[in-house]
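Per the working numbering, the sequence shown starts with residue 498, numbered consecutively.
Cβ atoms here follow ideal geometry from the backbone N, Cα and C, with glycine treated the same way.
What you are looking at is a predicted structure, and each value in this text was computed from that prediction instead of being measured.
Note sheet for the following structure.
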Amino acid sequence: MIFDDFTLARVLHIVSIVGWIGGVWFVTFVVMPSIARTASPADRLHAFHRIEQGFSVQAKFWVILAGVSGFWMTWRADMWSRFAETSYWWMHAMLGLWLVFAAMLFIAEPLVLHRRMAESPSPERDFNLMVWVHRVLSVIALVTVLGAMAGAHGLM
498 MIFDDFTLAR VLHIVSIVGW IGGVWFVTFV VMPSIARTAS PADRLHAFHR IEQGFSVQAK
558 FWVILAGVSG FWMTWRADMW SRFAETSYWW MHAMLGLWLV FAAMLFIAEP LVLHRRMAES
618 PSPERDFNLM VWVHRVLSVI ALVTVLGAMA GAHGLM
């Protein structure tokens, strides 16, 4: 068997997306509704912060792995020109979604959001906003994954 770095990168990329987006969906559609059902409105943000700490390291790992493997495949196969073509919109969507999550996980959360959660003057409103943002990002992620899989298999 001959080692194929591109195939390995593709496998790592798919696994990282499953871990990353699967985790986002679990948090969005299981953890957050559970918190909304069991915690008082004033305690929901704190409850989320407590649970989210367990996902933070995993989310960062998956996002880094997705970025590194995606960059490797783009570089290795010289796919840079795809970013200049609208027919490869899903490449733009993947990069855009990755940039949003990387910025949230590595910049916004440590510099702003953790302090905001701890000192929120309106925890109920902040929790509801966080639920809304997670839902929007989950739908964008779904469209992106569908487009990427269809595009990578010649359906677009």
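Element boundaries [alpha helix (DSSP H), containing residue i]
| i | result |
| --- | --- |
| D575 | No alpha helix (DSSP H) holds D575; DSSP gives it neither H nor E. |
| E621 | P620 to A649 |
| L652 | No alpha helix (DSSP H) contains L652, which DSSP labels as neither H nor E. |
| P530 | M529 to T535 |
| A539 | First-last for A539: undefined, no H or E at that position. |
| L610 | Unbroken run through L610: none, as it is neither H nor E. |
| L505 | D502 to F523 |
| M588 | W586 to A600 |
Own chain partners of residue i with C-beta closer than 7 Å, once the 5 adjacent residues on each side are dropped
| i | result |
| --- | --- |
| I518 | A638 and V642 |
| F624 | R541, L542 and F545 |
| W522 | S635 |
Nearest neighbour of residue i, chosen from the options [CA to CA]
| i | options | result |
| --- | --- | --- |
| S635 | A605, F598, F603 and L610 | F598 |
| G651 | A615, V609, I511 and Y585 | Y585 |
| V560 | A600, T504 and V528 | A600 |
| I532 | V640, P618 and V628 | V628 |
| R622 | R507, V527, S537 and V508 | S537 |
| E606 | M653, E582, V554 and R507 | V554 |
| A615 | F580, Q550 and G567 | Q550 |
| M653 | F568, M498, V630 and E582 | E582 |
Sub-7 Å separation of residue i and residue j beta-carbons
| i | j | result |
| --- | --- | --- |
| T525 | R632 | yes |
| G520 | F552 | yes |
| M591 | A645 | yes |
| A556 | L602 | yes |
| F500 | R573 | no |
| F548 | V527 | According to the sequence as given, residue 548 is Ile; it is not Phe. No, Cβ-Cβ distance for I548 and V527 is not below 7 Å. |
| A506 | S566 | yes |
Cβ neighbours of residue i in the same chain (closer than 8 Å, five flanking residues each side left out)
| i | result |
| --- | --- |
| M576 | M570 and M588 |
| A563 | H510, S513, I514, W517 and W595 |
| F580 | M588, H589 and L592 |
| F568 | none |
6 Å Cβ shell around residue i - same chain, five flanking residues per side excluded
| i | result |
| --- | --- |
| P620 | A539 and L542 |
| S647 | First, the residue type needs correcting, since residue 647 is Ala and not Ser in the sequence shown. Counting only Cβ-Cβ distances below 6 Å, and skipping sequence neighbours, we find M653. |
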